[in-house]
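One structure below.
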Amino acid sequence: MLLNLALWIGGVALLVGGAMAVRRPLARYRELQATEANLRRYDSWRGGHRSAVDTGVTGADIMRGHLRSTVIRWGAVIAAGIVLIVAGFVVR
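Encoded structure:
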């Protein structure tokens, strides 16, 4: 009884903490994706003439990669919380 209660509490703590921590990076990642989609639409509207400078890696690309890894890391924390909650029911 005490073990499953500890697993539930730990799982809920990981789940809530991960959900709170993943909100800001996920929102920023989606914002960067929307901005890039808007730039692509604008570029196609202009005829698709991009300059040679635009072919390299930008700061937004680096930030997007960092945000993606942050979201994946916190997603793993959320998944671990779900596993602990399920384990609390199995141990019961």
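Residue numbers for the sequence shown follow our numbering, beginning at 61 and rising by one.
Using N, Cα and C, we set each Cβ at its ideal position, and we do this for glycine too.
Alpha carbon to alpha carbon, how far is Leu62 from Ala79?
-> 26 Å
Starting from Gly116 and walking both ways along the alpha helix (DSSP H), at which residues does that stretch end?
-> Following the DSSP letters along the chain, one finds Gly116 in no alpha helix (DSSP H), marked with neither H nor E.
DSSP state of Arg83 mapped onto helix, strand, coil = helix
Reference Arg84, options Ala139, Ala147, Arg128 and Ile142, closest by Cα = Arg128
Nearest-angstrom Cα separation, counted from Val143 out to Asn64 | The alpha-carbon atoms of Asn64 and Val143 are separated by roughly 12 Å.
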